[in-house]
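Offset between the sequence shown (1-based) and the working numbering: plus 897. Backbone N, C-alpha and C define an ideal beta-carbon position, used for all residues, glycine too. One structure is given here, and the rest of the page talks about it.
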Amino acid sequence: MAGIQETPISSAAGGAVRIDLGALGANWRLLVETAAPATCAAVVKADAYGIGMAPVASTLAAAGCTTFIVASLNEAVALRGVLGAAATILVLNGLLPGTAKDTQAHGIVPVINDLAQLQEWQNLAQGADSVLPTVLHADTGMNRLGLTPEDVGVVSNEPERMTGLDLKLVMSHLACADDPDNPKNNAQLLEFLRQKAALMPASASMAASSGIFLGPGFHFEIVRPGLALYGGNPTPNAPNPMAEVVQIKGKIVQVRDVDSPQTVGYGAAFPVTKPSILATVAVGYADGILRALGDKKDGKVWGSIGGVSVPVVGRISMDLLTVDVTEVATDAAHPGAWVDLIGGDAMSLEDAAAAAATIPYEILTSMGARYHRQYVGGAD
Ligand SMILES: *Cc1c(COP(=O)(O)O)cnc(C)c1O
898 MAGIQETPIS SAAGGAVRID LGALGANWRL LVETAAPATC AAVVKADAYG IGMAPVASTL
958 AAAGCTTFIV ASLNEAVALR GVLGAAATIL VLNGLLPGTA KDTQAHGIVP VINDLAQLQE
1018 WQNLAQGADS VLPTVLHADT GMNRLGLTPE DVGVVSNEPE RMTGLDLKLV MSHLACADDP
1078 DNPKNNAQLL EFLRQKAALM PASASMAASS GIFLGPGFHF EIVRPGLALY GGNPTPNAPN
1138 PMAEVVQIKG KIVQVRDVDS PQTVGYGAAF PVTKPSILAT VAVGYADGIL RALGDKKDGK
1198 VWGSIGGVSV PVVGRISMDL LTVDVTEVAT DAAHPGAWVD LIGGDAMSLE DAAAAAATIP
1258 YEILTSMGAR YHRQYVGGAD
């Protein structure tokens, strides 16, 4: 891929997301090393977790990734346009009724989740007189997607259901991989081994980001990281081994002096108690700075201006939030100046998720469309 140049931050944008493609590449290499001899497929669903599917997939392809995973067929078709014909693209949501022909036409591999999907895919193979690549998802306890143990039994007892289909991979998904002590991990592993043994021989896959760090017993032939590629911590009870990929910043639109008994923002939720300087920043919950991050009295939610932390005060509005810049030099906190909000010198993605009582996945995928996205550190 041609290098993605560092673009100047558009003066029209109230917020910016800085995406470090070099860190993405480093995370890819760390996961490849950790999973070896298993290989890595990259999960790039939901616009690569809000980071940008095209630059992310291009960067990972340049780093050696050949299998990419998305949730839906429309994502897969868009990704095919980015990557060209050679890449293997899997669709986790499988075959929605009536989509088999389009799936095949774009060379997409559906992750088959039930016997009806299997039948539809086989009908197409027979009609087209060609062997179609197929992935089976075996449900081992998540009860969300995948063949039930009974369905696996049916496929095992009636192998003609796979005639005309080339079983490339059997996969399953862990419910509690971010909690290494949870007994559900081993229970799912044993169930997966049992189901895999009942099916015809094929490569297998069970681990997403956290599953990779449960150890080689969970790796099989292919692992499927998403969040860890993007800098999220796959080991939430231990320090984050991944490099930071995403930094979110907002631009100051106004600075004002306030004092008691004034209040800040909607609901008059923040009473000012002493002479302070506040800066209003041009990002809000419409940009994925979740409203749950507002109105924290304990200073747990904070941005940074040049390394000086600035607590978020009052509620988060749709397009704005307010930070206390009393401790910042006046020439640093002015309209047009940038405030780090998540990542960089500000709170980490994990801190922000914890403060909002959510997970890093939701912070990333909520980033919204208004940010100027600045890609740095692309491959040569
Ligand atoms: C989203 C998803 C992944 C990637 O999960 P991360 O925790 O982001 O690594 C892997 N496999 C399946 C089935 C998924 O739905």
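Cβ-Cβ distances below 8 Å link Asp1156 to Val1169, Lys1171, Pro1172, Ser1173 in the same chain, with the five nearest sequence neighbours on each side left out; the list follows chain order.
In the structure shown, Leu1261 adopts helical secondary structure according to DSSP, grouped into three states.
With a cut-off of 8 Å on Cβ pairs, the region 907-924 is not in contact with the region 1099-1115, counting fewer than three such pairs. In the DSSP assignment, Gly1211 forms no beta bridge with any residue. Annotated as proximal: Met1059 and Gln1019, with beta-carbon spacing under 9 Å. Per DSSP, Met1068 is one residue of the beta strand (DSSP E) stretching across 1062-1068. In the three-state reduction of the DSSP assignment, Tyr1268 falls in the coil class.
As summarised for the region 944-993, the continuous alpha helix (DSSP H) elements at least 4 residues long and confined to that stretch are 950-959, 970-980, given in chain order. Residue side-chain check: Gly947 keeps its Cβ at 8 Å or more from all non-hydrogen atoms of ligand 1. Ser907 counts as exposed, since fewer than 16 other beta carbons sit within 10 angstroms of its beta carbon.
Rounded to the nearest angstrom, the gap between the Cα atoms of Glu1247 and Ala920 is 17 Å.
Judged by their CB atoms, Ile1239 and Val1152 are not nearer to each other than the 9 Å cut-off. Around the beta carbon of Ala938, a 10 Å sphere encloses 16 or more other beta carbons of the protein chains shown; the residue is thus reported as buried. A contact is defined here as three or more CB-CB pairs under 8 Å, and the region 1216-1236 meets this definition with respect to the region 1173-1189.
For Leu1033, the enclosing beta strand (DSSP E) covers residues 1029-1034.
The C-alpha of Val1209 lies about 12 Å from the C-alpha of Arg1188. Taking 9 Å as the cut-off, the beta carbon of Ile1009 is found closer than this to the beta carbon of Gly991. In this structure, the CA atom of Ala959 is about 20 Å from the CA atom of Glu972.
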